[in-house]
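Engineer: A single structure is presented below for examination.
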């Protein structure tokens with residue numbers, strides 16, 4: 591890591607006493623190590639830190655440490671979207687693909703990082719543009735995924751997709767997930783999408799409960815533009831959701847385009863970070879099946 595880390599922001603849901611305890615410990619440790627520690631001015635915890643509005647943290651720090659689950663990491667990532675500031679995740683959630691440092695490893699990992707003994711990782715983001723027929727438009731950036739899903743109705747959504755202007759498919763179902771490699775371990779995974787090594791610049795397109803079983807997930811290069819249009823269908827409503835937050839409804843005369851953002855998410859890891867080890871740990875892979883059923887007839 592080229593840049594010396596001297597100013598660090600901390601972020602977390604301090605209403606959780608386990609998170610609050612870790613934040614208190616971390617602030618004391620960082621301060622003792624000579625770092626200047628920042629936190630949002632709305633953080634409801636008495637800590638000896640410099641307070642700033644959340645929106646100003648990215649402009650004043652060299653690193654953000656998020657304590658919680660992957661939801662906390664996503665929140666932190668959106669604060670840092672265009673800044674290039676890296677973030678480190680301490681896992682106090684359940685699964686923790688993004689927040690990969692355990693509470694027990696937190697202080698040692700931070701020491702390694704402050705000393706420059708760490709690895710950095712640059713992951714793609716997605717830029718979504720929802721163009722409405724009336725001329726209005728909405729732009730948003732996704733770290734995990736852009737989702738087109740049915741809204742306020744039990745009826746399926748009919749949609750057509752194209753890649754760089756070439757027709758890909760016309761399909762029916764509950765919707766469509768367009769995910770980064772980071773998002774491949776989130777909603778896309780639960781819908782049968784592939785796991786993607788985060789070092790790849792690709793996009794995963796995963797149908798949600800397709801009406802036809804031959805409709806399968808597909809992986810496309812990140813430098814291609816995906817276009818999605820909703821087809822006219824009685825009593826059908828759909829919305830566009832970016833990293834879990836709705837940006838509005840989409841109708842038959844609207845168009846959703848998704849392409850790689852010009853900005854990237856920067857993650858920082860302790861020196862022993864291994865993505866495949868995380869997969870084995872979180873998904874219970876690699877267990878020797880020869881140990882099963884011993885002693886049974």
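In the working numbering, the protein residues as written are 591 to 887.
Note that the Cβ used here is the ideal one computed from N, Cα and C, for glycine as well.
(1) Just checking my contact of residue 816 with residue 696 at CB under 8 angstroms: how many whole Å lie between their CB atoms?
(2) For residue 849, which of helix, strand or coil comes out of DSSP?
(3) Where do the ends of the alpha helix (DSSP H) carrying residue 621 lie?
(4) When DSSP labels each residue in this structure, what does residue 751 get in the three-state scheme?
(5) Please return the same chain residues whose Cβ sits closer than 8 angstroms to the Cβ of residue 858, not counting the five positions on each side in sequence.
(6) Which residues in the same chain as residue 595 place their Cβ atom closer than 6 angstroms to its Cβ, once the five residues preceding and following it in sequence are excluded?
(7) Could you please give me the residues that DSSP links to residue 662 through a beta bridge?
(8) Kindly indicate which three-state DSSP category residue 775 falls into: helix, strand or coil?
(9) Take residue 778 and list the residues in its own chain whose beta-carbon comes closer than 7 angstroms to its own, dropping the five residues that flank it on each side.
(10) Can you tell me whether residue 681 is buried or exposed? The criterion is at least 16 other CB atoms within 10 Å of its CB, across all chains shown.
(11) Identify the continuous beta strand (DSSP E) that holds residue 735 and give its terminal residues.
(12) Can you look up residue 886 in the DSSP assignment and give me helix, strand or coil?
(13) Does the Cβ of residue 835 have 16 or more other Cβ atoms within 10 Å, making it buried, or fewer, making it exposed?
(14) Decide if the stretch 629 to 646 is in contact with the stretch 813 to 829; the criterion is three or more beta carbon pairs, one per stretch, under 8 angstroms apart.
(15) Quick check on DSSP: helix, strand or coil for residue 867?
(16) Identify whether residue 872 lies in helix, strand or coil by the three-state DSSP scheme.
(17) Report the three-state DSSP secondary structure of residue 801 (helix, strand or coil).
(18) On the DSSP bridge assignment, give the partners of residue 757 in chain order.
(19) Between which residues of its own chain and residue 844 is the CB-CB distance below 8 angstroms, once the five residues before and five after are set aside?
(20) Suppose only complete runs of 3+ residues qualify. What are the beta strand (DSSP E) ranges in the stretch 684 to 745, listed by chain order?
(21) Looking at residue 554: is its Cβ nearer than 8 angstroms to the Cβ of residue 666?
(22) Roughly how many angstroms separate the alpha carbons of residue 625 and residue 853, rounded to a whole number?
(23) Report the residue from 807, 747, 764 and 752 whose alpha carbon sits nearest the alpha carbon of residue 849.
(24) CA-CA distance, residue 782 and residue 869?
(25) Quick check on residue 757: buried or exposed, where buried means 16 or more other Cβ atoms within 10 Å of its Cβ?
(26) In three-state terms, what does DSSP make of residue 601?
(27) Answer with buried or exposed for residue 780, where buried requires no fewer than 16 other C-beta atoms within 10 angstroms of its C-beta.
(28) Kindly indicate which residue of 662, 684 and 699 has the alpha-carbon position closest to the one of residue 691.
Structural biologist: Put simply:
(1) For the purposes of this step, residue 816 is taken as the residue at position 226 of the chain shown. For the purposes of this step, residue 696 is taken as the residue at position 106 of the chain shown. That belief does not hold up - the Cβ atoms of residue 816 and residue 696 are roughly 38 angstroms apart, past 8 angstroms.
(2) Sequence index remark: in the chain shown, residue 849 carries index 259 (1-based). Residue 849: strand per DSSP, three-state reduction.
(3) Locating residue 621 in the chain shown gives position 31, counting from the first residue. 607 to 622 is the extent of the alpha helix (DSSP H) around residue 621.
(4) Looking up residue 751 in the chain shown gives position 161. Strand, per DSSP.
(5) Counting from 1 along the chain shown, the entry for residue 858 is found at position 268. Around residue 858, the same chain offers 591, 653, 676, 677, 678, 703, 708, 709, 710 and 711 as residues with beta carbons nearer than 8 angstroms, after the five sequence neighbours per side are excluded.
(6) Position 5 of the chain shown, counting from 1, holds the residue named residue 595. Short of 6 angstroms from the beta carbon of residue 595, and not among the five residues preceding or following it, lie these beta carbons of its own chain, in chain order: 652, 653 and 704.
(7) Residue 662 sits at position 72 when you count from the first residue of the chain shown. In the DSSP output, where bridge partners are listed per residue, residue 662 has none listed.
(8) Taking the first residue of the chain shown as position 1, residue 775 is located at position 185. Here residue 775 sits in helix by DSSP.
(9) Numbered from its first residue, the chain shown carries residue 778 at position 188. For residue 778, where only same-chain residues beyond five positions count, the Cβ hits under 7 angstroms are 735, 767, 769, 794 and 796.
(10) Position 91 of the chain shown, counting from 1, holds the residue named residue 681. So residue 681 ends up on the buried side.
(11) Counting from 1 along the chain shown, the entry for residue 735 is found at position 145. Looking at the DSSP string, the run of the beta strand (DSSP E) that includes residue 735 is 735 to 740.
(12) The residue given as residue 886 occupies position 296 in the chain shown. Residue placement at residue 886 is poorly supported in this model, since its pLDDT is 46, which falls under 50; the coordinates are not used for a value here.
(13) Counting from one through the chain shown, the residue named residue 835 turns up at place 245. Its Cβ having fewer than 16 others within 10 Å, residue 835 is exposed.
(14) In short, these stretches do not touch, since the Cβ pair count stays below three.
(15) In the chain shown, residue 867 corresponds to position 277, counting from 1. In the displayed model, residue 867 falls within a helix according to three-state DSSP.
(16) In the chain shown, residue 872 corresponds to position 282, counting from 1. The answer is helix: DSSP assigns residue 872 an H, G or I state.
(17) In the chain shown, residue 801 corresponds to position 211, counting from 1. Here residue 801 sits in coil by DSSP.
(18) Against the chain shown, residue 757 aligns to sequence position 167. Per DSSP, the beta bridge partners of residue 757 are 752.
(19) Taking the first residue of the chain shown as 1, we reach residue 844 at position 254. Short of 8 angstroms from the beta carbon of residue 844, and not among the five residues preceding or following it, lie these beta carbons of its own chain, in chain order: 720, 721, 722, 723, 819 and 820.
(20) Segments of the beta strand (DSSP E) lying fully in the stretch 684 to 745: 709 to 721, 727 to 732 and 735 to 740.
(21) There is no way to answer for residue 554, as the model of the chain reaches only from 591 to 887.
(22) Counting from 1 along the chain shown, the entry for residue 625 is found at position 35. Counting from 1 along the chain shown, the entry for residue 853 is found at position 263. The straight-line gap from Cα to Cα measures roughly 27 angstroms.
(23) For the purposes of this step, residue 849 is taken as the residue at position 259 of the chain shown. The candidate whose alpha carbon is nearest that of residue 849 is 752.
(24) Stepping through the chain shown from its first residue, residue 782 is reached at position 192. Stepping through the chain shown from its first residue, residue 869 is reached at position 279. Their Cα atoms are separated by approximately 16 angstroms.
(25) Locating residue 757 in the chain shown gives position 167, where the first residue counts as 1. Classification for residue 757: exposed.
(26) In the chain shown, residue 601 corresponds to position 11, counting from 1. In the structure shown, residue 601 sits in a strand (DSSP, three-state: E or B).
(27) Position 190 of the chain shown, counted from the start, is the residue given in the question as residue 780. Burial call: exposed.
(28) The residue given as residue 691 occupies position 101 in the chain shown. For the options 662, 684 and 699, the alpha carbon positioned closest to that of residue 691 is the one of 699.
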